[in-house]
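Chains as they are written, first to last, in our numbering: chain A, 446 to 1037; chain B, 446 to 1037.
Put into structure tokens, the structure is as follows:
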């Protein structure tokens, strides 16, 4: 059975050596000193390894079962959920007045990576609750906050998000679910939603569905969509639960993975709902959830790559097969461990260098979220808004590929469910799809975010890179291995952006045909930047005579690998982008 | 439910327009005129679509069940197997004296692509039978051929290959299964084999296991391994079946995919076996099977990509979502079909251009097999031996990636088992692992094949490319879009080979660290070559005033896409290769 050890050392390095969190002028960050974050991370790591990880294969094997309208989650999930909720883990960054701990999002992100790595399907129950609570916090009335938030922070009630319908996912303007206004100010919601994660289950007393629906008479398309709170059980004035509302689970989907999470068809039959935010501005309110969920999905890509890598590494050290061509490393044994073989190294280094770069990128992104939300910093908000599709699309694509590499290390055993490696790939696969399929992320990035505010945000990104390069230009230790490759990669990204600017207005397809490559090109530059920042921090620690020399030297070697072997992918993406729309759009739809 | 339409038109194009098969001086090829191959392919296509494809999800859902030592295959498999056997499909290229049809391997390959695409798990029962029959044909005594081949050609008896043991897969020198010589010349086989595809089932009267085992007293390691024929039921002098032999299925593995094929743990408890080929030369005999199985695995990668693509294309045309940014294409409908979106096109073109290039590569490879076996052409044998790991590794890696792209087109529905797209990825995944994991293919390519006979075979490959370029150098229609990119890609491959030659002797790891990239670089050049050959054929047809203009124009556009957007990957692979061993091997095993 696979195991999981939380990467607390690496997280501490990023938080303190690289991002220097406790020195940042972001409200709440001063408290984030090394001891404090260490205590939180160690504790979260323990729960991940000891409670959540052992339940991961159980969830995969048993799945969720719908019987007589009730969904039974896998053995052990309820008890673990209670334990996680009691520990206050689900409300880490929610306000204290609702029972939260008001900690920065960055810490919640680090914890969420651990929980997700240990058990993605399980963690989704909390993750969606958190996202729904955030939307209510941002858009709810005082009364709505009062009614729902404390219960959700405590995970006594969980949350869901209901967007997709059978005939529309990405194109929500086609939505049919109706919300009929009632005399008491509430609405009657009628329609069917599909792919609702955690839609029905037996782990909480109530489920708070956030549902997109159309108020009759409103504008056509996406501009006529509103968001509603639809509780599974009606909530009485005193906060106690009343009658069952008119919402039910019609079916649990048979999926490729995340079997421990109940993915439901939800039927709304005149269910009572309450408007959240303004009429017809449902998408705006939903985007509070969506943005959080997108960053969360990116994190899942990283998380599955991490646990898959950990187990592949263990296997590569244990499994004896073949001999080192340069001379036996285990001469007394029947063969050398797999890890002596260069191609196994190549695979492990691909994984390791992606994971550590992605983690830094993720946590830098979380810092920007905090800077934006807690510090009301519009520039930070612009930057993270630009990078959200990159975090989502790039980290889930690459994260998935890494789980496939990790599975491959096991040879035939990787294909046998008993060994657990297949689950990591099957679970990781969903993150490329949900919260906006990655193609939609690329469209969001190139079609919307790139040109937003006259390209201000992407220019701010280039400024970040340029400033870093400038600040370190005299640093000979960094130059060849880190600064030069970063500069080259960033130049590719700029060339791609320029190509879009020059061609995109006249031929929108010239930009859109390259959108997916641009998302990956951007992702590589972000990881290149993070590796350069990490290398600087590692050099600084080594120069300061750190007692933990091995850690920092390993960090530098891993970074050099990324810059040498992964980052040059930017040139390929640029070549593809610069080939323009013609090769992609040459065929008529009928000609395929 | 997914559907399948055999790509007979494309196969005919490759066989006749590109490879010009009936004009080749290979025994048996003269018969392969257009009408004949068309008749065979149409008939095989019909069985694939109507019989095998509908059973594919059945096999996935039901799997195989072991009860009281008997394996029950999925509903309908036995009847379909009988139908396929009666049609003589499994013995297409076996000699007539054993009931085969003695057709060239190239035709069998085209048929196998169809069967595999329609139902990979099912087709493995025949595929392994064919591979085992080939080994007996090549290495068996007259009596062994007499005893087994007719029955196997008719699929009354099926075959298996038994290599892997729990503690060794790639490193077969560690094998423990013993073969004790008996007075009558037979052997008693004792040991455990794992991952035995089609190891036990209810579709045939007998199963002929080919088993690698060690004769006590023989040389250590791989040089002391011999190959044995171990029938499930003993075969009497008159060919009728006698007692059950001492071999049994201990367990069916729970796998990620190919659930319709029984992957068995096989226990040999003093089972009677007969030496096949020479003592201690088991690997040589097994490699007759292995080489065939490796090419077959590459074909499976292509085949799964094809069926996944076909269904993704249908979905992209049917599913209405969003609008074409350049103006509505379906103005009367609620939205435009997915296929209008450039990023969906990018995905479909990636798939289509890979598949058609891979199919041509595959069939060219099959031609070389025929030229080698039927024509006794040593140069052809050298070339196909060099390219076998490329066919296996590149086509299965890329084929898998294409199934993932195809699944992605479905959005959320791609993750739901009911839609069938998940099965294609799960089934395709195994082909990267079995018959030698792809890392082992890369090792075989760079560590063995490249330098074999002083690099003669790779030089022969470059000669093929150079000759093609030379023959067509005046062709302006081909130059920019096809010849120039092929030349550039081939130069990258040569540079990589040169790098290995200059560094590999001194630092073997410098070659091995780049082996995986080399395999992919080689694969791209092969597909680039095939696209250039296909483009030439398409131009010729258009100049000759073909009535099927649309087909050839589509072919050219698809080829241009490959050359522009896929082939430039060679530069990235070269950059990775030229970074050498240092980045890959920098860390001690303990430092990870």
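Beta carbons are placed, not taken as given, at the ideal position from N, Cα and C, and that holds for glycine.
Exercise. How far does the beta strand (DSSP E) with residue 584 (chain A) in it reach, from first residue to last?
Worked result: Note, residue 584 (chain A): premise wrong, no beta strand (DSSP E); alpha helix (DSSP H) at 565-584.
Problem set entry | Cβ-based contacts, 7 Å cut-off: residues of the region 756-772 of chain A near chain B | 758, 762, 766, 767, 770 and 771
Exercise. For residue 1024 (chain B) versus residue 1009 (chain A), is the C-beta distance shorter than 9 Å?
Worked result: yes
Exercise. Does the region 822-830 of chain B come within contact of the region 823-841 of chain A, defined as at least 3 CB pairs closer than 8 Å?
Worked result: no
Exercise. So, is residue 675 (chain A) buried or exposed, given that buried needs 16 or more other C-beta atoms within 10 angstroms?
Worked result: Classification for residue 675 (chain A): buried.
For this session: Given a cut-off of 9 Å, decide if residue 783 (chain B) and residue 768 (chain B) are closer than it, judged by their beta-carbon atoms.
Result: no
For this session: Report yes or no: do the region 548-562 of chain B and the region 742-749 of chain B share at least 3 C-beta pairs separated by less than 8 Å?
Result: yes
For this session: Determine the closest residue to residue 1002 (chain A) out of A:923, A:645 and A:1030, with distance taken between C-alpha atoms.
Result: Per the Cα distances, A:923.
For this session: Within 10 angstroms of the Cβ of residue 481 (chain A), are there 16 or more other Cβ atoms? Answer buried if so, exposed if not.
Result: exposed
Exercise. How about residue 741 (chain B) and residue 566 (chain B): are their beta carbons less than 9 Å apart?
Worked result: no
For this session: Quick one: using the 10 Å Cβ neighbour count with 16 as the cut-off for buried, is residue 935 (chain B) buried or exposed?
Result: buried
Exercise. Which class does residue 717 (chain B) belong to by DSSP, given the choice of helix, strand or coil?
Worked result: strand
For this session: Can you tell me which of the three DSSP states residue 511 (chain A) falls into?
Result: strand
Problem set entry | Min CB distance residue 513 (chain A) to chain B below 9 Å | Taking Cβ atoms only, chain B never reaches closer than 9 Å to residue 513 (chain A), which makes this a no.
Exercise. Given a limit of 7 Å on CB to CB distance, which residues of the region 849-879 of chain B reach chain A?
Worked result: Of all residues in the region 849-879 of chain B, 853, 856, 857, 859, 860, 861, 862, 863, 867, 874, 875, 877, 878 and 879 have a Cβ within less than 7 Å of some Cβ in chain A.
Exercise. If you measure from the beta carbon of residue 616 (chain A) to each beta carbon in chain B, is any gap under 9 Å?
Worked result: Output row for residue 616 (chain A): interface = yes.
Exercise. Do the CB positions of residue 604 (chain B) and residue 574 (chain B) come within less than 9 Å of each other?
Worked result: yes
Problem set entry | residue 639 (chain B) vs residue 692 (chain B) beta-carbon contact at 9 Å | no
Exercise. Any Cβ of chain A within less than 9 Å of the Cβ of residue 700 (chain B)?
Worked result: yes
Exercise. Taking Cβ positions, are residue 976 (chain A) and residue 727 (chain A) nearer each other than 9 Å?
Worked result: Against a cut-off of 9 Å, the Cβ pair of residue 727 (chain A) and residue 976 (chain A) comes out as no contact.
Exercise. For chain A, is any of its Cβ atoms less than 9 Å away from the one on residue 502 (chain B)?
Worked result: no
Problem set entry | Sequence ranges, beta strand (DSSP E) only - wholly within the region 890-962 of chain B, length at least 3 | none
Exercise. With 16 other CB atoms within 10 Å as the buried threshold, where does residue 1036 (chain B) fall?
Worked result: exposed
For this session: Using the DSSP secondary-structure output, state which residues sit across from residue 602 (chain A) in a beta bridge.
Result: A:651
Exercise. Span of the beta strand (DSSP E) holding residue 676 (chain B)?
Worked result: 670-676
For this session: Would you please verify whether the beta carbon of residue 958 (chain B) is less than 9 Å from any beta carbon of chain A?
Result: yes
Exercise. Going by the beta-carbon positions, is the gap between residue 536 (chain B) and residue 451 (chain B) smaller than 9 Å?
Worked result: Against a cut-off of 9 Å, the Cβ pair of residue 451 (chain B) and residue 536 (chain B) comes out as no contact.
For this session: Return the chain-ordered ranges of every alpha helix (DSSP H) run that is complete within the region 727-794 of chain A and spans a minimum of 4 residues.
Result: Unbroken alpha helix (DSSP H) runs of no fewer than 4 residues, entirely contained in the region 727-794 of chain A, are found at 727-763, following chain order.
For this session: Tell me, please, whether the CB atom of residue 395 (chain B) is closer than 9 Å to any CB atom in chain A?
Result: For residue 395 (chain B) there is no data in the structure shown, the boundaries of chain B being 446 and 1037.
Exercise. Relative to the C-alpha of residue 487 (chain A), which residue among A:695, A:979 and A:556 is closest?
Worked result: Considering only alpha carbons, the answer is A:556.
Problem set entry | Cross-chain neighbours of residue 784 (chain B) in chain A, by beta carbon under 9 Å | Simply 1034 and 1037.
Exercise. At what residues does the alpha helix (DSSP H) containing residue 530 (chain B) begin and finish?
Worked result: 522-531
Exercise. For residue 1029 (chain A) and chain B, any beta-carbon pair shorter than 9 Å?
Worked result: yes
Exercise. Which residues share a DSSP beta bridge with residue 686 (chain A)?
Worked result: A:680
Exercise. Does the beta-carbon of residue 872 (chain A) have 16 or more other beta-carbons within 10 angstroms, so that it is buried, or is it exposed?
Worked result: buried
For this session: Could you check if residue 513 (chain A) is buried or exposed, using at least 16 other CB atoms within 10 Å of its CB as the buried criterion?
Result: Taking all protein chains shown into account, residue 513 (chain A) has fewer than 16 neighbouring C-beta atoms within 10 Å of its C-beta and is therefore exposed.
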